[in-house]
Amino acid sequence: MSLERVASMLPTTAGGAFRLGFVAALVVGLTIILVVGPLAGVSEKFASEGHDGYWQLAGNLIRGNGYVFEAGGPVVFHRPPMAPLLLSPLTLLPQPLQRPGVVLLQSLLVGLTCGLAFDLTRRVFHLRAARACLLLLLSYPWLYWHVKNPMNVIAQMAFTTLVLYLIGRELLIARHGDAATRQRFSLAAALALGLAAGSAILTHGTMLLSVPVLLAGAAVIGLRLDGMRTVKVGIAAGLIALFLLAPWTYRNWRVTGQFMPVVGGAGLQYFFGHVHWGFDGQDDGHRRWDRIVAASVGETRDVTHFWGFKDPALETKANRHMVEDLRAHPARFAKRVALNAVEFYVPIVRDVLMPKTRSGLGAVARRAALSAWHLGLVGLGLLGLYRNRRQPAAAAGWLAVAAVAVLAGCYMPFVASIGHNQYVLPTLPVLAFCAASLCGSPVAATTQESSVRRVPRPIGLQRSLEMSRTDWRNGD
C-alpha cells in the first residue's frame with residue numbers, strides 16, 4: 002500500500018482526528034498492559050515510586066485525607082494538583098479496572114491533542130499537512146508508554162497543546178480578520194485561553210515560566226499585526242490564569258510558609274542536574290539520589306518522599322544552596338544548560354560522554370532509539386522551514402520553533418532527560434506541526450482543497466496578496 006493511499010485513509014476533520022487518536026491510544030495502551038506486559042513478563046507495578054506519587058495523591062485527595070501520599074503523612078508541596086484531580090475518581094474503581102481506567106482517561110487527552118494539532122495545522126497549511134501531523138504524532142512509540150502510567154505528562158501535553166491552539170487561532174484572526182474583528186475583545190476567547198493556561202500551569206511547575214512567555218509573545222505579535230483583540234485577550238487570559246492559580250498558591254503558603262505559586266523542588270531539581278552531569282566529582286550512577294540530596298541540603302537521612310522534600314525548611318535550604326552555587330560557578334551552570342539543551346532531544350549523549358553512568362543495554366538502546374527518532378523529527382521540521390522559506394506560511398514555522406524553545410528552555414537549568422524522555426512530550430505536537438509543513442505547498446493547497454468545508458488558509462506575518470479578508474471570514 003502506497004504512502005498516498007495510507008494518507009487518503011486518514012481523517013479530514015478535527016473530530017475524526019480526535020477519534021483516531023483516542024482509539025489508537027486506547028487500543029495500544031490496553032494491549033500493552035493486558036497482553037504484551039504479561040506475556041513478556043515485564044509488567045511493572047502499578048503506581049510505583051517511579052510514577053511520582055500522583056496516584057497516591059489522587060486516592061488520598063478524594064478520600065478526604067488531604068494532599069498527602071499516605072493518610073496522616075506530611076503535606077506534599079512538590080507535585081502539581083491537576084493530574085491528581087483528574088485521576089482521583091479512578092481510584093474509586095475496583096482494583097482490576099484502575100489501570101484500564103487510566104488508559105481510557107489519558108486516551109481521551111491524546112485524542113484531544115490530536116484533534117487540536119490537526120485543526121491548527123490544517124488552518125495554517127492545508128489538509129495534507131494536517132494528516133501528516135496526525136500521522137507523526139501517532140507514530141511516536143513512547144506516547145503509548147506514557148498513556149498507561151498515572152502521571153502528569155499526558156495532561157501536560159494536552160493542556161499545552163490547547164494553549165498553543167488557542168493562541169494560534171488568535172494570531173490567525175489578527176492576521177486575516179476584518180478590521181472590526183481584529184480590534185474587538187472576545188470574552189469567550191479570553192475565558193477559554195485563561196482556563197487552558199491555568200490548567201497547563203497546574204500540570205507542571207515549568208509551565209509557570211513558559212505559559213506567560215507564550216501569552217506575552219502572542220500579544221507582541223498581535224501589536225505588530227495591529228490586532229488589539231490578541232493583546233486584550235492575552236492580558237485577560239493571563240489574569241484569569243492568575244485567578245485560577247490563586248487558591249493553590251494560598252494553600253502552599255499556608256502549609257509551607259513560602260510563596261510557592263505551583264510547586265517547590267527547584268533547589269532539589271537543580272542539584273539533580275548537578276549530579277546528573279557529574280559536577281559533584283563522580284561520573285557514575287552509584288548512590289545517585291543520596292548524592293543529589295546531600296548536595297542540596299548536606300544530609301542523606303530520610304528527608305524525601307517520591308522525589309521531593311518532606312520538610313518545607315529543607316526546601317528553603319536547598320533553594321539557598323542553589324543560589325549560592327549559581328553565584329559561585331556561573332561557567333559550570335552555562336555548561337550544564339548547554340548539555341541539557343543537547344540531551345533534551347538526544348538523551349544518548351550522556352551515555353557517550355559519561356559511559357560509567359550506563360544503566361544497562363536495554364536503557365541505552367531505548368535512549369539511542371529516542372535520540373534517532375527525535376533527530377529525524379527535528380530534521381523534517383528544519384526541511385519544512387527551508388522548503389517554505391519564501392512562502393507566506395514560513396512565519397508560522399518560525400513561531401513554532403520559538404514555542405519549542407520556550408517550552409524546552411524551562412528545563413535547561415535543571416535536568417532535561419529522565420525516564421522515557423517525558424519532558425519532550427509537550428513539544429511533540431509542535432515538532433509534528435513543523436515537520437508536516439514539508440508535505441506540499443501551502444499556497445497551492447488552498448485551491449486543491451476548496452471542497453473541504455472549513456478551508457485552511459496560509460498564514461504569515463506579511464499579508465499575502467492572494468488572501469483577502471473575505472476569504473478568511475468565509476473559511477472560518
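This note's numbering applies: residue 2 is where the sequence shown begins, and numbers increase by one.
Backbone N, C-alpha and C define an ideal beta-carbon position, used for all residues, glycine too.
Legend entry - Same chain, Cβ closer than 7 Å to A219, neighbours up to 5 away in sequence not counted: I168, E171, L172, T231, G235
Legend entry - Inter-residue Cα distance where the pair is P90 and A59: 8 Å
Legend entry - Rounded Cβ spacing between V104 and L21 (contact assumed at less than 8 Å): Not really, about 16 Å apart at Cβ, beyond 8 Å.
Inset, instruction - Take D120 and list the residues in its own chain whose beta-carbon comes closer than 6 Å to its own, dropping the five residues that flank it on each side. - result: A15
Inset, instruction - Return helix, strand or coil for R455, following the three-state DSSP convention. - result: Note on R455: pLDDT 40, under 50, position unreliable in the model; the coordinate value appears next. It is coil, neither helix nor strand.
Inset, instruction - Please go through the same chain and pick out, in chain order, the residues whose beta-carbon is closer than 7 Å to the beta-carbon of C411, but skip the five residues on each side of it. - result: T207, L210, S211
Inset, instruction - Starting from W146, follow the alpha helix (DSSP H) in both directions and report where the run begins and ends. - result: 143-148
Legend entry - Reduced DSSP secondary structure (H/G/I, E/B, other) of L386: helix
Legend entry - Length of the line joining the Cα atoms of P430 and W374: 14 Å
Inset, instruction - Compute the beta-carbon to beta-carbon distance between A501 and G223, rounded to the nearest angstrom, for a pair I have assumed lies under 8 Å. - result: The requested residue 501 is not part of the displayed model; the chain covers only 2 to 477.
Legend entry - Reduced DSSP category for T257 - H, G, I as helix; E, B as strand; rest coil: helix
Inset, instruction - Go ahead and pull the three-state DSSP assignment for F510. - result: As displayed, the chain neither begins before 2 nor continues past 477, which places residue 510 out of reach and without an answer.
Inset, instruction - At 3 residues or longer, and completely inside the stretch 217-251: list those beta strand (DSSP E) runs for me, N to C. - result: none
Legend entry - For V212, three-class secondary structure by DSSP: helix
Inset, instruction - Give a yes or no on contact between the stretch 422-436 and the stretch 151-165, applying the rule of three or more CB pairs nearer than 8 Å. - result: yes
Legend entry - Member of G265, V69, W56, F78 whose CA lies at the smallest distance from the CA of Q99: W56
Inset, instruction - Tell me, please, which residues DSSP counts as bridged to F186. - result: F186 pairs with nothing; no bridge assigned.
Inset, instruction - Measure the CB-CB distance between L62 and P85 and report whether it falls below 8 Å. - result: yes
Legend entry - Identified DSSP bridge partners for T305: F310
Inset, instruction - Go through the stretch 290-366 residue by residue and report every complete run of the alpha helix (DSSP H) that reaches 4 residues or more, in order. - result: 313-329, 331-344, 349-354
Legend entry - A277, enclosing alpha helix (DSSP H) - first and last residue: For the sequence presented, residue 277 should be read as His rather than Ala. Here the alpha helix (DSSP H) through H277 covers 267-277.
Inset, instruction - Confirm, please, whether the CB-CB distance from V304 to I293 is below 8 Å. - result: no
Legend entry - Beta bridge counterpart(s) of V69 as assigned by DSSP: V76
Inset, instruction - Put V412 into one of helix, strand or coil per three-state DSSP. - result: Per the sequence shown, the amino acid found at residue 412 is Tyr instead of Val. Three-state result, Y412: coil.
Legend entry - Rounded straight-line distance, which links the Cα of Q270 to that of L362: 26 Å
Inset, instruction - Evaluate F415 with the Cβ neighbour count: other Cβ atoms within 10 Å of its Cβ, from every protein chain shown; 16 or more gives buried, anything less gives exposed. - result: buried
Legend entry - Contact check, L378 vs L432, beta carbons under 8 Å: yes
Legend entry - For R391, the three-state DSSP class (helix, strand or coil): coil
Inset, instruction - Sort R255, R183, L327 by Cα distance to P313 and report the nearest one. - result: R255
Inset, instruction - Figure out for me which residue from R390, G286, G380, W399 has the closest Cα to the Cα of K357. - result: G286
Legend entry - Any 3 or more C-beta pairs closer than 8 Å across the stretch 313-325 and the stretch 250-265: yes
Legend entry - Unbroken alpha helix (DSSP H) run spanning Q99, endpoints: 96-125
Inset, instruction - Return yes when the Cβ of L376 is within less than 8 Å of the Cβ of V338, no when it is not. - result: no
Legend entry - Residues of its chain near L371, where Cβ-Cβ distance is below 6 Å and the 5 sequence neighbours each way are ignored: P348, N422
Inset, instruction - Find the nearest neighbour of M323 within the set A296, G382, F307, K311, judged by alpha-carbon distance. - result: A296
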